[in-house]
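For the sequence shown, the positions run 4 to 264 when our numbering is used.
Think of the CB as a built atom: it goes at the ideal place given N, C-alpha and C, for glycine as much as any other residue.
Values in this document were obtained by computation on a predicted structure and should not be read as measured data.
Worksheet: the structure to be examined is printed underneath.
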Amino acid sequence: AREWLEKLATVKYDGKQLTPEKLEKQIALYEAALSIIEEYELDFVGFKGQPEMTNNYATMDIVEAFLNDPYDWHGSKETIVAATETDMDGALTMEIFKHIAQSPVLFADVRHYFEEEDLLDLCNSGTHATYFAGKSMNPEDNLKHVELFPEDFYFPAGGAAVKHFAAPGRVTLARLARQNGEYIMTIVPGEFVKLSEAEEKKLSEKVQIEWPHAYVKLDTDMETFLRYYPCNHTHGVYGDFVEELVQFCDIKGIDYQILAE
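Here it is, written out as structure tokens:
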């Protein structure tokens, strides 16, 4: 598994935060997660990495990326929705997306707004599914754009962050959240934008150099987004699935709001 990653992706060993041994620890965590998921017949999962894993063993980034991917070093597979910070409303949103879009789903932090560029930076703590690097079901096409990057000092146990920039394309973002105990789905269409390598480097250095980024131009203005969007996590897929999400909400009796011009 380590050699497969070394062959297909760029592994930035630094002799300290990221070593072959630490990468193998992360691979072992992935295999352990697979066996637990199988044993308990879980549909989707979440992990609490901080501080237990990130201080004492290794980060969960490889685990989450490849669970959400349509492949691993064993070959093609069904995606298994995995949410960071055990965010179960996030995982539930992703599970809905998975069945509607039949594709891998992004889990990301709503991290930073670049006003001049009018871009929202979606950047999760160390992991987006590698599928988003190349928009392909083939690992070779995606992993050539991926760097396994040493984690920063904030995660003393170290390990690899799964770093890449999302491929361009129309996307549908959404989030299930509760208001007064009742679910409401917020749906936000937009577009992932591909920047020049220099621009990607410049913007990512301003936010977090080690982690993956998806730069999105929303179909709504930032003021509306900040006013109505309910969470610091967002989830999404390539393509336009607004109507399908609305239909799902109607069937389930869930309120929804669409943030679009």
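What are the boundary residues of the beta strand (DSSP E) that residue i is part of?
i    : result
G184 : Here G184 belongs to no beta strand (DSSP E), and DSSP marks it neither H nor E.
P233 : Unbroken run through P233: none, as it is neither H nor E.
P153 : 150–153
D124 : 122–125
Give me the DSSP bridge partner(s) of residue i.
i    : result
I261 : I190
D112 : H236
A86  : G49
D75  : G78
K220 : E194
F117 : L122
Y241 : V174
Compare the beta carbon distance of residue i and residue j with 7 angstroms and say whether it is the shorter of the two.
i    : j    : result
K166 : F152 : yes
Y134 : P107 : yes
A86  : P192 : no
T62  : F158 : yes
L123 : V210 : no
D217 : F195 : It is Ala, not Asp, that sits at residue 217 in the sequence shown. Contact flag set, yes.
V174 : Y241 : yes
T130 : D46  : no
T96  : G49  : no
A111 : N127 : yes
V84  : T237 : no
F168 : E208 : no
A12  : L125 : no
Could you name the residues of the same chain whose beta carbon sits closer than 6 angstroms to that of residue i, not counting the 5 residues immediately before and after it, in chain order?
i    : result
K197 : P171
I261 : I190
Y186 : L179, I257
Q20  : P153, E154, G161
V66  : L32, Y33, A36
M225 : Y116
Tell me which same chain residues have a C-beta within less than 7 angstroms of the C-beta of residue i, skipping the five on either side of it?
i    : result
D72  : T82, P107, A132, T133, Y134
N58  : P159, A160
P233 : R178, A180, T189
K80  : P73, Y74
Here's a check: name, in chain order, each residue in its chain whose Cβ is nearer than 8 angstroms to the Cβ of residue i, leaving out the five neighbours to either side.
i    : result
R5   : P23, L26, E27, I30
V249 : I190, Y259, I261
Where do the N-terminal and C-terminal ends of the alpha helix (DSSP H) with residue i fall, by residue?
i    : result
Y134 : 134–137
N58  : 55–59
F251 : 245–255
N145 : 142–146
request  = Identify every run of the beta strand (DSSP E) within the stretch 155–217, keeping only runs that are complete inside it and at least 3 residues long; order them along the chain.
outcome  = The stretch 155–217 contains these whole beta strand (DSSP E) runs: 163–166, 172–182, 185–195.
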